[in-house]
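Protein chains in written order, with the numbering used here: chain A, 1 to 367; chain B, 1 to 329. We put the beta carbon where it would ideally sit given N, CA and C, even for glycine. Report on the following structure.
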Amino acid sequence: MKILKSIALSGLAFAIAGSMLLTSCGGSGNASKADSSANTAGDANNILGAGSTFDNPLFSKMFSEYNKTNGLKVNYQSIGSGGGIQQLTAKTVDFGASDAPLNGKQDSALSGPAIHIPVTAGAVVVTYNLPDVKDTLMLTPDVLAKIFLGKITKWNDPAIQAINKSVKLPATGIVVSHRSDGSGTTNIFTTYLTKVSKDWEAGPGKGSSVNWPVGLGGKGNEGVAGSVKQTPGGIGYVELAYAIQNNMAFAKMQNKAGKFITPSIASVTAAANIDIPADAKVSLTNTDAADGYPISGLSWIIIYKEQKYGDRAMDKVTKMVKLIQWMVHDGQQFSAPLNYAPLSDKAVSVADAQLKSITFDGKPVLQ
Amino acid sequence: MEAPIDTNLATRPDERSGRVVSIKKQDTVSNTKRINRSFRQIRAENVFRRTLIIVALSMIVLVLGIMLTLIWKSTLSIKSAGIGYLWGKVWDPVRDIYGAYPFILGTLLTSFLALIISIPFSFAVGVFLGEYYPKGWLSDLLKNTVELIAAVPSVIYGFWALAVLVPIVRNFETKIGVEPVGLGIFSSSLILAVMVIPYAASLGRSMIQMVPSNLKEAAYSLGATRWEVIRSVIFPYTKSGLFAGILLSLGRALGETMAVTMVIGNTSLIPKSIFAPGNTMASVIANEFTEADHPVYLSALIELGLVLFLVTVVINMIGKKMISRFTNE
């Protein structure tokens, strides 16, 4: 019987060890990542970033160009804005990138003050599928909100017809499509609707996922685009760059100044030509700029203001700050070819001021 | 009990050597050497058995560990929503209101609908391959094709469903006069049905092949037709096996994520009919996990995983009960 017991004992020991291993893995998956970042912390030529998927194509281009001239390696993981902020909170990356500024809860979770540096701007366009309508559809904020609230259900509704007097709209039902995955695109879109519609504010509200009152959910831009393209009478929202690359029909939106604006790189840059607060945490949605497209948003790199934490070296911090400075200035030339909107002059000057405020051990990094 | 014997052998090698000698009399190797070798053999035997036990036990530890992690990580949500989480009808991440009812309903609806659609096909394939054409190129082709269905990655089914199945369903919906959306519970059930057919079919086939031929021959000799043999001999004999196959299919359907999320329409509203869009637990987790940016939200998603885990466990347990009831009859 001794052996039986010993088997049971060894099994038990194994079980306990196993469960400890499991819980420790589940408990803080960050622990292992922290180790890996600690390994690269010593390597000043290796910078780790994570966040927005929207920024990823532009960042890839910028980082590869910067690598050619400066030899700096940037490893950017496009895991989503929320994920990027979590990684920054856990200090497993050197910078996070987000399409939405930090909210109160996220801000308080950080161990120190963080700064937002605008790096590019994007827009969300309203795409639709009306095969018989050749002219570009025009929409007002009120009508858009009512469509997505499910209050306007037919394309020939008097409210839509009143804006598009020259167009013969069909009696087709409106099929709303939205993103099913949490995303910065949804965040910009719902932030806009919250600003322009009291009903929306009281209803679904703003966030990277909301409780949609109507419609179908598609995964990613391609999911929404696919569902709109396939469904006659469909309407949905996708990123501007995606809509341009896929030749999709998108609506002109009426902005705050009352003008109907075609979404384009120029009109998005124009949207950012407003007085941007010193902390750069501004939503461009429903912009005051007269020529600005109203459903626009900045995308930020978020880093800690005080860069001396962990075992970070001054050398590495300087290189990272110089990289961000280059992205804000020279790097902007890569925006337009990839259908990103270059930063407006006002956004660049705010970014510069923010960069100067970065410190290492209390001393500014940029002289 | 083998263990006491082992103990004796391990502690008193003399006895053991005697036995070895008696077994291998012709062996020319010297006595002491033989003792050493049998010692090693015993040790290897013990080590092997212990390894087996430990590896087997580690499976239990793994499942328990997963369950504990799920419970632990969802405590925040359990505390804030309580048991009402299960029948709450609103899923609103903006206001931190989480109710899993629409997703539980969506999961069960798609899975069982898929099962109902798939059963005639999987039984037909099982009977065809098991009884009618167990050999030959046609049956080989069919067998391999069915097995291939199980091997194709689910994202490919999702693509195919989105590109081919959804427009067909949309036309069908226009004809029967419901809102022609295409995406929804019905489309996802159809694609799930295709995906789960192989599980019940291949288990059914091997079960049907295992029916003793003397039973069948006896029935034939009494003048039964083929259909009568299948109905009164093969089905009763293989009932539990066929049921186990269905259960396997159901398990697959409950957890399927990618193909379903591509065609179900992903809405948190409670589906009004089987043609309406809905959502399943697995696809909500896959969709919203990456951007769940506040702790309660994340915890609510993990609790959804826990619910899915428990639903699977409960359905499996019910299935086991039913199998044993069928076999006892």
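Any C-beta of chain B sitting closer than 9 Å to the C-beta of residue 156 of chain A?
Stepping through the first sequence from its first residue, residue 156 of chain A is reached at position 156. It does not: the Cβ of residue 156 of chain A has no partner Cβ on chain B nearer than 9 Å.
If the criterion is Cβ atoms closer than 9 Å, does the pair residue 143 of chain A and residue 160 of chain A meet it?
Translated into the one-based positions of the first sequence, residue 143 of chain A becomes position 143. Translated into the one-based positions of the first sequence, residue 160 of chain A becomes position 160. Remark: C-beta atoms of residue 143 of chain A and residue 160 of chain A approach each other more closely than 9 Å.
Can you confirm whether residue 95 of chain B, when its beta carbon is compared against all beta carbons of chain A, has any partner nearer than 9 Å?
As a position in the second sequence, residue 95 of chain B is number 95, starting the count at 1. Answer yes: the Cβ-Cβ gap between residue 95 of chain B and chain A drops below 9 Å somewhere.
Report the three-state DSSP secondary structure of residue 278 of chain B (helix, strand or coil).
By one-based count along the second sequence, residue 278 of chain B stands at place 278. Residue state, collapsed to three classes: coil.
Taking Cβ-Cβ distances shorter than 8 Å, what residues in chain A pair up with residue 90 of chain B?
For the purposes of this step, residue 90 of chain B is taken as residue 90 along the second sequence, with counting starting at 1. Near residue 90 of chain B (Cβ distances below 8 Å), the residues of chain A are 211.
Going straight from the alpha carbon of residue 79 of chain A to that of residue 350 of chain A, what length do you get?
As a working mapping, residue 79 of chain A is identified with position 79 in the first sequence. As a working mapping, residue 350 of chain A is identified with position 350 in the first sequence. Cα to Cα, the separation comes out at about 27 Å.
Please check if any C-beta of chain B sits within less than 9 Å of the C-beta of residue 240 of chain A.
The count along the first sequence starts at 1 and reaches residue 240 of chain A at position 240. Cβ-Cβ to chain B under 9 Å: no for residue 240 of chain A.
Check each residue of the segment 230-261 of chain A: if its Cβ is closer than 8 Å to any Cβ of chain B, include it; give the result in chain order.
For the segment 230-261 of chain A, residues whose beta-carbon sits nearer than 8 Å to a beta-carbon of chain B comprise 230, 231.
Helix, strand or coil, according to DSSP, for residue 330 of chain A in the structure here?
What you label residue 330 of chain A is simply residue 330 of the first sequence in a count that begins at 1. The answer is helix: DSSP assigns residue 330 of chain A an H, G or I state.
Taking 9 Å as the threshold (C-beta atoms), are residue 240 of chain A and residue 204 of chain A in contact?
Position 204 of the first sequence, counting from 1, holds the residue named residue 204 of chain A. Position 240 of the first sequence, counting from 1, holds the residue named residue 240 of chain A. Cβ atoms of residue 204 of chain A and residue 240 of chain A: not closer than 9 Å.
With a Cβ-Cβ cutoff of 9 Å, do residue 115 of chain A and residue 291 of chain A count as a contact?
Here the question's residue 115 of chain A lines up with position 115 in the first sequence. Here the question's residue 291 of chain A lines up with position 291 in the first sequence. No.
Mind checking which residues open and close the beta strand (DSSP E) that includes residue 118 of chain A?
Counted from its first residue, the first sequence places residue 118 of chain A at position 118. Note, residue 118 of chain A: beta strand (DSSP E), 114-128.
Quick one: does residue 152 of chain A have its CB under 9 Å from some CB of chain B?
Here the question's residue 152 of chain A lines up with position 152 in the first sequence. No, residue 152 of chain A does not count as interfacial toward chain B.
Using the DSSP secondary-structure output, state which residues sit across from residue 360 of chain A in a beta bridge.
What you label residue 360 of chain A is simply residue 360 of the first sequence in a count that begins at 1. Answer is A:363.
For residue 312 of chain B and residue 134 of chain B, I'd like the C-alpha separation in whole angstroms.
The sequence position of residue 312 of chain B within the second sequence is 312, counting from 1. The sequence position of residue 134 of chain B within the second sequence is 134, counting from 1. Cα to Cα, the separation comes out at about 34 Å.
Please report the distance separating the alpha-carbon of residue 331 of chain B from that of residue 220 of chain B.
Because chain B in this structure spans residues 1 to 329, residue 331 of chain B falls outside the shown range and cannot be described.
Looking at the secondary structure, which residues open and close the beta strand (DSSP E) in which residue 114 of chain B lies?
The residue you call residue 114 of chain B lines up with position 114 of the second sequence. Here residue 114 of chain B belongs to no beta strand (DSSP E); instead the alpha helix (DSSP H) covers 101-127.
In the DSSP assignment, what residue or residues form a beta bridge with residue 106 of chain A?
If you number the first sequence from 1, residue 106 of chain A lands on position 106. Answer is none; residue 106 of chain A lacks a bridge partner.
Can you tell me whether residue 50 of chain A is helix, strand or coil according to DSSP?
Counting from 1 along the first sequence, the entry for residue 50 of chain A is found at position 50. Residue 50 of chain A falls in the strand class under three-state DSSP.
Sorted by chain position, which residues of the same chain lie with C-beta nearer than 7 Å to residue 30 of chain A's C-beta, five sequence neighbours on each side aside?
As a working mapping, residue 30 of chain A is identified with position 30 in the first sequence. Because the pLDDT of residue 30 of chain A is 41, which lies under 50, any placement of that residue in the model is unreliable, and the number read from its coordinates should be weighed accordingly. Taken in chain order, the residues that qualify are 90, 92.
Are residue 96 of chain B and residue 118 of chain B closer than 9 Å when you measure CB to CB?
Sequence index remark: in the second sequence, residue 96 of chain B carries index 96 (1-based). Sequence index remark: in the second sequence, residue 118 of chain B carries index 118 (1-based). No, they are not a contact pair.
Using DSSP with H/G/I as helix, E/B as strand and the rest coil, what is residue 289 of chain B?
The sequence position of residue 289 of chain B within the second sequence is 289, counting from 1. Three-state result, residue 289 of chain B: coil.
Whose C-beta lies closer than 7 Å to the C-beta of residue 308 of chain A among residues of the same chain, with five residues either side of it excluded?
For the purposes of this step, residue 308 of chain A is taken as the residue at position 308 of the first sequence. The answer, listed in chain order, is 360, 361.
What three-state label does DSSP hand residue 207 of chain B in the structure shown?
In the second sequence, residue 207 of chain B corresponds to position 207, counting from 1. Looking at residue 207 of chain B - three-state DSSP - the assignment turns out to be helix.
Below 7 Å between beta carbons is the criterion; list the residues of the segment 87-109 of chain A that meet it against any residue of chain B, in chain order.
105, 106
Quick test of your reading: residue 139 of chain A and residue 62 of chain A, contact by CB under 8 Å. State the CB separation rounded to the nearest angstrom.
Here residue 139 of chain A is taken as the residue at index 139 of the first sequence, counted from 1. Here residue 62 of chain A is taken as the residue at index 62 of the first sequence, counted from 1. In fact, because the Cβ distance is near 33 Å, the residues do not count as touching under 8 Å.
Taking buried to mean at least 16 other C-beta atoms within 10 Å of its own C-beta, is residue 171 of chain B buried or exposed?
Position 171 of the second sequence holds residue 171 of chain B. The residue is exposed, with fewer than 16 neighbouring Cβ atoms inside 10 Å.
Could you round the C-beta distance between residue 216 of chain B and residue 196 of chain B to whole angstroms and report it? I think they count as a contact, below 8 Å.
Reading the second sequence from its first residue, position 216 is the one you call residue 216 of chain B. Reading the second sequence from its first residue, position 196 is the one you call residue 196 of chain B. With a Cβ gap of about 29 Å, residue 216 of chain B and residue 196 of chain B do not count as contacting.
How big is the Cα-Cα spacing for residue 47 of chain A and residue 73 of chain A?
Residue mapping note: residue 47 of chain A aligns to position 47 of the first sequence, counting from 1. Residue mapping note: residue 73 of chain A aligns to position 73 of the first sequence, counting from 1. Distance between the alpha carbons of residue 47 of chain A and residue 73 of chain A is about 6 Å.
Would you kindly work out how many angstroms separate the C-alpha atoms of residue 275 of chain A and residue 266 of chain A, rounded to a whole number?
Within the first sequence, numbered from 1, the residue matching residue 275 of chain A stands at position 275. Within the first sequence, numbered from 1, the residue matching residue 266 of chain A stands at position 266. Approximately 18 Å between the Cα atoms of the pair.
Which whole-angstrom value is the C-beta distance of residue 84 of chain A and residue 52 of chain A, which I expect to be below 8 Å?
Counting from 1 along the first sequence, the entry for residue 84 of chain A is found at position 84. Counting from 1 along the first sequence, the entry for residue 52 of chain A is found at position 52. About 6 Å separates the two Cβ atoms, so the contact holds.
Take the Cβ of residue 367 of chain A as the centre, count every other Cβ of all protein chains shown within 10 Å, and call the residue buried at 16 or more, exposed below.
Locating residue 367 of chain A in the first sequence gives position 367, where the first residue counts as 1. When all chains shown are included, residue 367 of chain A counts as exposed.
Considering only the beta carbon of each residue, do residue 129 of chain A and residue 228 of chain A sit closer than 9 Å?
If you number the first sequence from 1, residue 129 of chain A lands on position 129. If you number the first sequence from 1, residue 228 of chain A lands on position 228. Closer than 9 Å, so yes.
Between the C-alpha atoms of residue 86 of chain B and residue 139 of chain B, what's the straight-line distance to the nearest angstrom?
What you label residue 86 of chain B is simply residue 86 of the second sequence in a count that begins at 1. What you label residue 139 of chain B is simply residue 139 of the second sequence in a count that begins at 1. Rounded to the nearest angstrom, the two C-alpha atoms are 46 Å apart.
Ordered along the chain, which non-local residues of its own chain (more than five positions away) have a Cβ less than 6 Å from that of residue 247 of chain B?
Residue numbering aside, residue 247 of chain B sits at position 247 when the second sequence is read from its first letter. Answer for residue 247 of chain B: 319, listed in chain order.
At a Cβ threshold of 9 Å, is residue 26 of chain A touching chain B?
Counted from its first residue, the first sequence places residue 26 of chain A at position 26. With a pLDDT of 39 at residue 26 of chain A, under the threshold of 50, the predicted position of this residue should be treated as unreliable, and no value is reported.
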